[in-house]
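A.B. asks: For the sequence shown, position 243 matches number 1034 in the numbering used here, and the numbering has no gaps at all. My questions will all concern the structure given below.
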Amino acid sequence: MSNNNHTHSHAHNHDGKLSMAVFINILLTVAQVIGGVLSGSLSLIADALHNLSDAGAIVIAIVARKIARKPANSQMTFGFKRAEIIGALINSTTLIILGIYLIYAAVEKYFNPQPIDGWIVVWIATIALVIDSITAWLTYQAGAKNNLNLRAAFIHNLSDAFASVVVIVAGSLIILYQWYVVDLLATILISVYVVYHGIILAKQSIRILMQAVPVDIDIDKICKDIESMENVEKVRHIHVWQLDDSEVYLETSVNLKTMEQFQDLKPIKDLLAAQYGIHHSTIEVVVGNTLQMENCFELE
């Protein structure tokens, strides 16, 4: 009971950090929009829109985390853990859409240039950099390192900190040299960075939802390792997939030469856990000759 209370308290503390990050991002968005309108800087408004998406990303992450904590039931036997993967996919998709829109806006403004107040841009972007760094730290502390859902929210905030640096540089060049085109180039640079990370996160999320084999697991090697064990003749119909970004599952059929030496499946399960981090495995035992297959993962 005490362990459950500790886990609940830990999760509640993380949610508190995320909620604080949402509040800070909304305040910053308002300030950046006002600064962008007053200065005429598209890159500052682009950064503001990105900040607003950060707040939305964290809200999605919080909701997904709450759903994922719900226990398994007779209808959802695997539980609700993939809610966080869906949250990550939503956030990564918004990153891509936002980045593409900002590139479009930058190109459009190139053909309709407006004067820009560099000092307003620099001051607002400097404040934004400090706040973005704080919100990025809050989302990282909430568990972004080991959670794809929170990592998507963290990337939102980290890329915004990077965007603020780019905007500061652009504003400084406008003040010193009146290079107004730098504002547009900065917007495109921010957008490309956002789209790049959005694609990476979307790809990871889709792989899990499509039940792909984890990228760090060699399914052929698993088959060879099991088949090298005493009394194992063939491994067939093997399937490996991720439930979320931490839990890996396996099911397979193992053909044994004879039942005489068979005691239990513990050696195989220990191998899977120790070498591949697979702690959830379902293994069917078959004895005698079976149809020989070229690949152990060939479907029935």
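Each residue gets a CB set at the ideal place from its N, CA and C atoms; glycine is no exception.
Would you please state the rounded distance, in angstroms, between the beta carbons of residue 1067 and residue 997? I believe it to be under 8 Å.
C.D. replies: For the purposes of this step, residue 1067 is taken as residue 276 along the sequence shown, with counting starting at 1. For the purposes of this step, residue 997 is taken as residue 206 along the sequence shown, with counting starting at 1. About 22 Å; that fails the 8 Å criterion.
A.B. asks: DSSP state of residue 1034, grouped into three classes?
C.D. replies: Numbered from 1 along the sequence shown, position 243 holds the residue referred to as residue 1034. In the structure shown, residue 1034 sits in coil (DSSP, three-state: anything other than H, G, I, E or B).
A.B. asks: Report the option in 935, 995, 880, 886 whose CA atom is closest to the CA atom of residue 986.
C.D. replies: Counted from its first residue, the sequence shown places residue 986 at position 195. When only C-alpha atoms are compared, the closest one is 886.
A.B. asks: For residue 830, which residues from the same chain have a beta carbon less than 7 Å from its beta carbon, with the 5 sequence-adjacent residues on both sides left out?
C.D. replies: One-based indexing of the sequence shown puts residue 830 at position 39. The answer, listed in chain order, is 907, 908, 911, 912.
A.B. asks: Compute the Euclidean distance between the alpha carbons of residue 925 and residue 895, then round it to the nearest angstrom.
C.D. replies: Position 134 of the sequence shown, counted from the first residue, corresponds to residue 925. Position 104 of the sequence shown, counted from the first residue, corresponds to residue 895. So the two alpha carbons sit approximately 30 Å from each other.
A.B. asks: My output table needs one value for residue 1043: the three-state DSSP class, helix, strand or coil.
C.D. replies: If you number the sequence shown from 1, residue 1043 lands on position 252. Reduced to three states, the DSSP call for residue 1043 is strand.
A.B. asks: DSSP three-state label for residue 1070, please.
C.D. replies: The count along the sequence shown starts at 1 and reaches residue 1070 at position 279. In this structure, residue 1070 counts as coil in the three-state DSSP scheme.
A.B. asks: When the distance is taken between beta carbons, is residue 950 closer than 8 Å to residue 919?
C.D. replies: Reading the sequence shown from its first residue, position 128 is the one you call residue 919. Reading the sequence shown from its first residue, position 159 is the one you call residue 950. No, these two residues do not count as a Cβ contact at 8 Å.
A.B. asks: Helix, strand or coil: which one does DSSP assign to residue 1075?
C.D. replies: The sequence position of residue 1075 within the sequence shown is 284, counting from 1. Strand at residue 1075.
A.B. asks: Can you give me the C-alpha to C-alpha distance between residue 868 and residue 850, rounded to a whole angstrom?
C.D. replies: Indexing the sequence shown from 1 puts residue 868 at position 77. Indexing the sequence shown from 1 puts residue 850 at position 59. Their backbone Cα atoms lie some 26 Å apart in a straight line.
A.B. asks: Considering just the uninterrupted stretch of the alpha helix (DSSP H) at residue 878, what are its terminal residues?
C.D. replies: Walking along the sequence shown from the start, residue 878 turns up at place 87. Segment 874–901, the alpha helix (DSSP H) holding residue 878.
A.B. asks: Could you tell me whether the region 962–978 touches the region 926–944, using the rule of 3 or more Cβ pairs below 8 Å?
C.D. replies: No: the two stretches stay apart, fewer than three of their Cβ pairs being nearer than 8 Å.
A.B. asks: Specify the secondary structure class of residue 1004 as computed by DSSP and reduced to three states.
C.D. replies: The sequence position of residue 1004 within the sequence shown is 213, counting from 1. Correct three-state label for residue 1004: coil.
A.B. asks: If residue 809 sits next to residue 929, beta carbons under 8 Å apart, how far is it from one beta carbon to the other, in whole angstroms?
C.D. replies: One-based indexing of the sequence shown puts residue 809 at position 18. One-based indexing of the sequence shown puts residue 929 at position 138. Indeed they touch by this definition, with Cβ atoms about 7 Å apart.
A.B. asks: Please list, in chain order, all residues of the same chain as residue 995 whose beta carbon is under 7 Å from its beta carbon, the five residues on each side excluded.
C.D. replies: Locating residue 995 in the sequence shown gives position 204, counting from the first residue. Answer for residue 995: 939, listed in chain order.
A.B. asks: So residue 928 is in the alpha helix (DSSP H); what residue range does that whole segment cover?
C.D. replies: Counted from its first residue, the sequence shown places residue 928 at position 137. Element bounds for residue 928: 909–932.
A.B. asks: State the start and end residues of the unbroken alpha helix (DSSP H) segment that holds residue 968.
C.D. replies: On the sequence shown, position 177 is the one that residue 968 refers to. It spans 939–968 - the alpha helix (DSSP H) in which residue 968 sits, taken as one unbroken run.
A.B. asks: For the structure I just gave you, are there three or more beta carbon pairs, one from the region 870–878 and one from the region 1033–1047, closer than 8 Å?
C.D. replies: Touching, per the Cβ criterion.
A.B. asks: By a C-beta neighbour count over all protein chains shown, 10 Å radius and 16 as the cutoff for buried, is residue 1064 buried or exposed?
C.D. replies: If you number the sequence shown from 1, residue 1064 lands on position 273. So residue 1064 counts as exposed.
A.B. asks: Less than 8 Å between the C-beta atoms of residue 916 and residue 959, yes or no?
C.D. replies: One-based indexing of the sequence shown puts residue 916 at position 125. One-based indexing of the sequence shown puts residue 959 at position 168. In this structure, residue 959 lies closer than 8 Å to residue 916 by Cβ.
A.B. asks: Tell me which residues share the same chain as residue 933 and place their Cβ nearer than 7 Å to its Cβ, disregarding the 5 neighbours each side in the sequence.
C.D. replies: Taking the sequence shown and counting its residues from 1, one reaches residue 933 at position 142. Cβ neighbours of residue 933 beyond the five flanking positions: 805, 808, 809, 941.
A.B. asks: Starting from residue 1048, trace the alpha helix (DSSP H) in both directions and tell me its first and last residue.
C.D. replies: Within the sequence shown, residue 1048 is the residue found at index 257, counting from 1. Here residue 1048 belongs to no alpha helix (DSSP H), and DSSP marks it neither H nor E.
A.B. asks: Which whole-angstrom value describes the C-beta separation of residue 889 and residue 844, a residue pair presumed to lie in contact below a C-beta threshold of 8 Å?
C.D. replies: Stepping through the sequence shown from its first residue, residue 889 is reached at position 98. Stepping through the sequence shown from its first residue, residue 844 is reached at position 53. Correct: roughly 5 Å between the Cβ atoms.
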